[in-house]
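Asker: Okay, handing you the structure first.
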Ligand code: GAP
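In the working numbering, the protein residues as written are -9 to 437.
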């Protein structure tokens, strides 16, 4: 199966099974904005929770933050986004298409898709002009007198402006970090590939403040830690690679940068899912200048003051969710059955539903026992109950959404209090005492 097929099949599966819907679909959809349905929100939340646990809860040297989306407009002058967060844009006067002038070779002429924009005789492309990717809105009651504010294009600036608030209130010493998860918005000219590049997305960012001179060592440390996190999420090692930014690729703030890239297959291939950047003292120095407030750290032990350097790790929650889905999707034959199965082989710990409980039949006390088990497990895990259709059909429904364990209550269960637990990947079935089910599942979900 080719990879474009996988993406098409995933888009369809995600809609059919309640993972991801097009935003405002009944009105024809909003361009490159997506809504997470009941299973999608669980999957993305599990990924975000893992990140939060790895970055904040399991470390003494990183604090959490939840800064507002709307920030003082001077923030974006200081950060360089007002002047520099631009892409060159061309319009076609004939078809009204909009394209990135520097990426024309990747685009298709809407009227003649075998050609790139500008190559079809009817095309009339305008001169390239700089297009700022920030969404603008107004703060205040009257549009004319109100000040312009921006929807943040990255969460990082909320961290920089709170550097001293967090350091002083939590009595942190450099080196330490601040982490947050939140929405970011970019008016991308060429969004697409499902939730890969969207106009509203979520970032999980961490800024690690270090003493100048120690920055490249910390940069290497964070590169390695972040790659390991993606491996621990279950992404295949052969689909993960680093990409080092050359001089021409480096963002205006970056001294060094590596992307963690994931192989989405097909025409997308390896693409960035996370950036690890050495931002030097660029941001804090800029905010000092624009706010006229000192953003220095005082090292009491060595009696010196300095503006710390920053190592940033920045990962898209939606992009990692897509990587996890692409990585997990498989179609396979089932021995002895005419129809194969679709499986989302997600790491059990991030699966939206951890266990599905089935009574084999709707009588003989089996539904009652299955419901008692459901209620017992509910507090600890996300669980589902299904009594409709053949047991084979019920297994298939759970395989397709990545449920790692299916628990069946059968005739034997009501006499000896045992149930069968079927493993999604090996298809092996264990018969265990229902009283031990919670511990059995908990052990399998570790990691
Ligand atoms: N603060 C640094 C920063 O924002 P970036 O490389 O522009 O760096 C970091 O973005 C991550 O955010 C990317 O690796 C990607 O996962 C995610 N991201 C960026 N733009 C996105 C978009 N339009 N849609 C979805 N995710 C996006």
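Every residue gets a Cβ at the ideal spot worked out from N, C-alpha and C, and that includes glycine.
Using a Cβ distance threshold of 8 Å, determine whether the stretch 240 to 257 contacts the stretch 24 to 43, with at least three qualifying pairs required.
Answerer: Short answer: they don't touch.
Asker: In whole angstroms, what separates the C-alpha of residue 331 from that of residue 3?
Answerer: Approximately 13 Å between the Cα atoms of the pair.
Asker: Quick one, are the C-beta atoms of residue 109 and residue 84 less than 7 Å apart?
Answerer: No, these two residues do not count as a Cβ contact at 7 Å.
Asker: Measuring straight from C-alpha to C-alpha, what distance separates residue 192 and residue 306?
Answerer: Cα-Cα distance, rounded: 6 Å.
Asker: Could you give the distance in angstroms between the alpha-carbon of residue 272 and the alpha-carbon of residue 220?
Answerer: Distance between the alpha carbons of residue 272 and residue 220: 28 Å.
Asker: DSSP beta-bridge partners for residue 194?
Answerer: Paired residues: 171, 305.
Asker: Quick one: what does DSSP say residue 267 is sitting in, helix, strand or coil?
Answerer: Three-state DSSP puts residue 267 in a strand.
Asker: Got a sec: does the ligand GAP put a non-hydrogen atom nearer than 6 Å to the Cβ of residue 308?
Answerer: Checking the Cβ of residue 308 against the ligand GAP gives yes.
Asker: Is residue 177 helix, strand or coil when you go by DSSP?
Answerer: Coil at residue 177, not helix or strand.
Asker: Taking only three categories from DSSP, how would you classify residue 36?
Answerer: Helix.
Asker: Please state whether DSSP places residue 322 in a helix, a strand or coil.
Answerer: It is a strand residue.
Asker: Find the nearest neighbour of residue 139 within the set 62, 297, 349, 13, judged by alpha-carbon distance.
Answerer: Closest option to residue 139, Cα to Cα, is 62.
Asker: Got a sec: does the ligand GAP put a non-hydrogen atom nearer than 6 Å to the Cβ of residue 69?
Answerer: Every heavy atom of the ligand GAP is 6 Å or more from the Cβ of residue 69, so no.
Asker: Just confirm the distance between the C-beta atoms of residue 189 and residue 69, as a whole number of angstroms; I'd bet it's less than 8 Å.
Answerer: Actually they are not in contact, since the Cβ atoms of residue 189 and residue 69 sit about 19 Å apart, beyond 8 Å.
Asker: Go through its chain and collect everything with a Cβ distance to residue 175's Cβ below 6 Å, but skip five positions before and after it.
Answerer: The answer, listed in chain order, is 125, 141, 190.
Asker: To which residues does DSSP link residue 140 through a beta bridge?
Answerer: According to DSSP, residue 140 bridges with 126.
Asker: Determine, using beta carbons only, whether residue 392 and residue 336 come nearer to each other than 7 Å.
Answerer: Cβ atoms of residue 392 and residue 336: closer than 7 Å.
Asker: Could you work out which residue in 407, 117, 274, 222 is closest to residue 80 when comparing CA atoms only?
Answerer: If we check each option's Cα against that of residue 80, 117 comes out closest.
Asker: Using the Cα positions of residue 131 and residue 357, report the straight-line distance between them to the nearest angstrom.
Answerer: In a straight line, the C-alpha of residue 131 is about 58 Å away from that of residue 357.
Asker: Could you tell me whether the Cβ atoms of residue 296 and residue 270 are closer together than 7 Å?
Answerer: Their beta carbons are not under 7 Å apart, which means residue 296 does not touch residue 270 by this criterion.
Asker: Flag residue 10 as yes when its Cβ comes closer than 6 Å to any non-hydrogen atom of the ligand GAP, and as no otherwise.
Answerer: It does not: the Cβ of residue 10 is nowhere closer than 6 Å to a heavy atom of the ligand GAP.
Asker: Give me whichever residues DSSP pairs with residue 90 in a beta bridge.
Answerer: Paired residue(s): 79.
Asker: Could you tell me the boundaries of the beta strand (DSSP E) in which residue 280 lies?
Answerer: Unbroken run through residue 280 is the alpha helix (DSSP H), 272 to 281; no beta strand (DSSP E).
Asker: With H, G and I counted as helix, E and B as strand and the rest as coil, what does DSSP make of residue 385?
Answerer: Residue state, collapsed to three classes: helix.
Asker: May I ask you to verify whether the stretch 345 to 360 touches the stretch 374 to 389, counting CB pairs closer than 8 Å and requiring at least 3?
Answerer: At 8 Å Cβ cutoff, the stretches touch.
Asker: Could you pull the start and end residues of the alpha helix (DSSP H) that residue 430 belongs to?
Answerer: Where residue 430 is concerned, the enclosing alpha helix (DSSP H) stretches over 427 to 434.
Asker: Taking the alpha-carbon of residue 178 as reference, which of 163, 167, 88, 14 has the nearest alpha-carbon?
Answerer: The candidate whose alpha carbon is nearest that of residue 178 is 88.
Asker: DSSP state of residue 402, grouped into three classes?
Answerer: Here residue 402 sits in coil by DSSP.
Asker: Less than 7 Å between the C-beta atoms of residue 164 and residue 287, yes or no?
Answerer: Contact flag set, yes.
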